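For the sequence shown, this note's numbering begins at 3 and goes up steadily by one.
See structure below.
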Amino acid sequence: MLNDALIHYKRFNKSLFRGYNMNEVDEFLDTVMKDYTYLEHVLVKENDILKKEIEQLRGRQMWQRK
Numbered sequence: 003m004l005n006d007a008l009i010h011y012k013r014f015n016k017s018l019f020r021g022y023n024m025n026e027v028d029e030f031l032d033t034v035m036k037d038y039t040y041l042e043h044v045l046v047k048e049n050d051i052l053k054k055e056i057e058q059l060r061g062r063q064m065w066q067r068k
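Written out as structure tokens, the structure is:
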């Protein structure tokens, strides 16, 4: 699975002719890594909130059955 470390440490082979500008590639990967890390954090936080809501709803459901 892709993660911020894999993005950060991804390296590209240098080409003898018409290779990529290494600074541009590094800047792009930095941007991707930052966005990925942010989105991963948001999704984990949202997932935790939803898990808590599910627990609360299950508790209410159990209480209503009694």
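Glycine included, each C-beta is placed from N, C-alpha and C at the ideal position.
Note that the structure is predicted; figures quoted are calculated from it, not measured.
Taking 8 Å as the cut-off, the beta carbon of I9 is found no closer than this to the beta carbon of L41.
Taking C-alpha positions only, E55 is separated from H43 by approximately 19 Å.
Straight-line spacing of the CA atoms in F14 and K36 works out to 19 Å. Taking C-beta atoms as the reference points, D6 and T33 fail to come closer than 8 Å.
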